[in-house]
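J.: Let me give you the structure first, and then I'll get to my questions.
Residue numbers (UniProt numbering): 1 to 493.
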């Protein structure tokens, strides 16, 4: 289904631009040619229905080509995180059972050091031989919607990474959710700066744009100067950012004069988006559409439309067009509006199991619902408001403390650039909150603690402040909880 959709765009609009990478403009006709060549290459390497093919590299057209080629063969693409160490990569490759690893030239050494002996490594950027021009009836494309096509591994922020497989139907429904969220059309130009080895960078805007016949501008990786230059020269209508990237753009000297006028909106997610970041983009006339999800949800589960982004900044939106979301208590009972509980998601865009595990066999799947591990409340109109991550919850002396609530107060101190709050073991209270802060000019730890007076209940006040150069984050800006807790052990007063 995925391959057929992309190749149909090549039939209907062969000269339309599909991908823009550097100075390379790839039409849908050229994209179709590369996909057919990749299919022929994969078949020659022995890749068949159900086999897993891994990709290692920065954002590059080859990843898109390989994904669609795998879709056409009934194979599965595994995008690998190039930031991982060789042993970490090897563990994922072995778990996936990948039959082949394709790496960009600059990643070949890393790929060979990580690949098991039974997993050959090839150049992903090679110009593969021309493939036969299959006719519409003779093109050997997979049409089974339940064939797996994409394998993504969780970021492992609170445990070992787990493989999450998606079939064609899940990817297509996710694209339809994206289309509804963004109002995607063939005339759109999407700027992709987030890494496509994460599902957010690949599936929130990039693949949906191509499945709906739009144009995608790929940057190898995020750099503020490259982002501003792309906005000014190529004039994208949409892009997807995470809070850490938004902060980097706003803090850059070029922010005030950057030409961002072409942006109809930006999507933002992966972690709670602080209100000051939203307000900074809104002040430039750019709505910030929050999107919520997890690797297991495809990832789109809850989102804002453009109109609601402006009217309700801070909300993460409503349940996806194709899917269901709810808020439940610890017993799985649905909570009324205004009550904080865990978000559960259901729908065919949601993965049904982890890789190599039976369907629904994990604790995360409860009677067909995926338990996200995130806390939120829902208002009377059906909008969701993020509270915190369940595993981040601090229980101090029997009281629940949501780190996100404390962080919102700490961020209003002018000496704080970034902050994160976590629990630290305490013999009296069980655990106590500690603030880990990236300090700015004029930062004063004692003043920061005093800043909480009258703004937070006393039991929510941080017991200590730890100053660091940067917060430990994943590639998508999520806080690495275990690393944060290690930092919190150092009491600086």
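Backbone N, C-alpha and C define an ideal beta-carbon position, used for all residues, glycine too.
Going by the beta-carbon positions, is the gap between residue 183 and residue 240 smaller than 8 Å?
T.: In the chain shown, the residue the question calls residue 183 occupies position 183. In the chain shown, the residue the question calls residue 240 occupies position 240. Going by C-beta atoms, residue 183 is not nearer than 8 Å to residue 240.
J.: Expressed to the nearest angstrom, what Euclidean distance is found between the alpha-carbon atoms of residue 135 and residue 49?
T.: Numbered from 1 along the chain shown, position 135 holds the residue referred to as residue 135. Numbered from 1 along the chain shown, position 49 holds the residue referred to as residue 49. Residue confidence is low: residue 135 scores 43 on pLDDT, short of 50, so the model does not pin down where it sits. No coordinate-derived value is stated.
J.: Could you check the C-alpha separation between residue 175 and residue 72 for me, to the nearest Å?
T.: Against the chain shown, residue 175 aligns to sequence position 175. Against the chain shown, residue 72 aligns to sequence position 72. If you take the alpha carbons of residue 175 and residue 72, they lie about 18 Å apart.
J.: Excluding five sequence neighbours on each side, which residues of the same chain lie with their C-beta closer than 6 Å to the C-beta of residue 316?
T.: Walking along the chain shown from the start, residue 316 turns up at place 316. Here the set comprises 290, 292, 302, 384, 386.
J.: Between which two residues does the alpha helix (DSSP H) carrying residue 95 extend?
T.: Here residue 95 is taken as the residue at index 95 of the chain shown, counted from 1. Where residue 95 is concerned, the enclosing alpha helix (DSSP H) stretches over 86 to 96.
J.: Just reading off the beta strand (DSSP E) that residue 20 is part of, what are its end residues?
T.: Indexing the chain shown from 1 puts residue 20 at position 20. Run containing residue 20: 17 to 21, per the beta strand (DSSP E) assignment.
J.: Any contact between the region 372 to 379 and the region 427 to 443? By contact I mean 3 or more CB pairs, one from each, below 8 Å.
T.: Too few Cβ pairs lie closer than 8 Å, so no.
J.: Compare the C-alpha of residue 102 against each of 409, 125, 23 and name the closest.
T.: Here residue 102 refers to the residue found at position 102 when the chain shown is read from its first residue. Ranking 409, 125, 23 by Cα distance to residue 102 puts 125 first.
J.: Look at the Cβ atom of residue 89, then the Cβ atom of residue 80, and state whether they are nearer than 8 Å.
T.: Counted from its first residue, the chain shown places residue 89 at position 89. Counted from its first residue, the chain shown places residue 80 at position 80. A contact, by the Cβ cut-off of 8 Å.
J.: Starting from residue 432, trace the beta strand (DSSP E) in both directions and tell me its first and last residue.
T.: The residue labelled residue 432 in the question sits at position 432 within the chain shown. Start and end: 430 to 439.
J.: Expressed to the nearest angstrom, what Euclidean distance is found between the alpha-carbon atoms of residue 471 and residue 433?
T.: Looking up residue 471 in the chain shown gives position 471. Looking up residue 433 in the chain shown gives position 433. Distance between the alpha carbons of residue 471 and residue 433 is about 16 Å.
J.: Between residue 420 and residue 409, is the Cβ-Cβ spacing less than 8 Å?
T.: In the chain shown, counting from the first residue as 1, residue 420 sits at position 420. In the chain shown, counting from the first residue as 1, residue 409 sits at position 409. No; because the gap between Cβ atoms is not below 8 Å, this pair is not in contact.
J.: Considering just the uninterrupted stretch of the beta strand (DSSP E) at residue 396, what are its terminal residues?
T.: Along the chain shown, one-based indexing puts residue 396 at 396. Where residue 396 is concerned, the enclosing beta strand (DSSP E) stretches over 394 to 396.
J.: Flag this pair as yes or no: are the beta carbons of residue 18 and residue 210 separated by less than 8 Å?
T.: For this step, residue 18 is matched to residue 18 along the chain shown. For this step, residue 210 is matched to residue 210 along the chain shown. Yes, the pair counts as a contact, with Cβ atoms nearer than the cut-off.
J.: Do the region 327 to 338 and the region 308 to 315 touch if we need at least three Cβ pairs shorter than 8 Å?
T.: Touching, no.
J.: Inspect the CB distances between the region 320 to 328 and the region 60 to 75 and report whether three or more fall short of 8 Å.
T.: Not touching, per the Cβ criterion.
J.: For the pair the region 24 to 32 and the region 184 to 194, tell me if three or more CB-CB distances fall below 8 Å.
T.: Result no; under three Cβ-Cβ pairs closer than 8 Å.
J.: Confirm, please, whether the CB-CB distance from residue 281 to residue 300 is below 8 Å.
T.: Translated into the one-based positions of the chain shown, residue 300 becomes position 300. Translated into the one-based positions of the chain shown, residue 281 becomes position 281. Against a cut-off of 8 Å, the Cβ pair of residue 281 and residue 300 comes out as no contact.
J.: DSSP three-state call for residue 242: helix, strand or coil?
T.: Position 242 of the chain shown holds residue 242. Correct three-state label for residue 242: coil.
J.: Assign residue 298 to one of three DSSP states: helix, strand, or coil.
T.: For the purposes of this step, residue 298 is taken as residue 298 along the chain shown, with counting starting at 1. Note: residue 298 maps to coil in three-state DSSP.
J.: Going by Cα to Cα distance, which pick from 32, 23, 21 is closest to residue 7?
T.: Counting from one through the chain shown, the residue named residue 7 turns up at place 7. Taking only the C-alpha atoms, the option nearest residue 7 is 32.
J.: For residue 200, does the three-state DSSP call read helix, strand or coil?
T.: Translated into positions along the chain shown, residue 200 becomes position 200. Helix, per DSSP.
J.: Using DSSP's beta-bridge definition, name the partner residues of residue 319.
T.: Residue mapping note: residue 319 aligns to position 319 of the chain shown, counting from 1. Residue 319 is bridged to 302.
J.: Which residue marks the beginning of the beta strand (DSSP E) containing residue 288, and which one marks its end?
T.: As a working mapping, residue 288 is identified with position 288 in the chain shown. Start and end: 288 to 293.
J.: Does the distance from the C-beta atom of residue 164 to that of residue 355 stay below 8 Å?
T.: Position 164 of the chain shown, counted from the start, is the residue given in the question as residue 164. Position 355 of the chain shown, counted from the start, is the residue given in the question as residue 355. Cβ atoms of residue 164 and residue 355: closer than 8 Å.
J.: With distances taken Cα to Cα, identify the nearest neighbour of residue 151 among 118, 230, 66.
T.: By 1-based counting over the chain shown, the position of residue 151 is 151. Considering only alpha carbons, the answer is 66.
J.: Give a yes or no on whether the C-beta atoms belonging to residue 218 and residue 9 are separated by under 8 Å.
T.: Indexing the chain shown from 1 puts residue 218 at position 218. Indexing the chain shown from 1 puts residue 9 at position 9. Not closer than 8 Å, so no.
J.: Pairs of beta-carbons, one from the region 470 to 489 and one from the region 240 to 259, closer than 8 Å: are there three or more?
T.: Yes, they touch.
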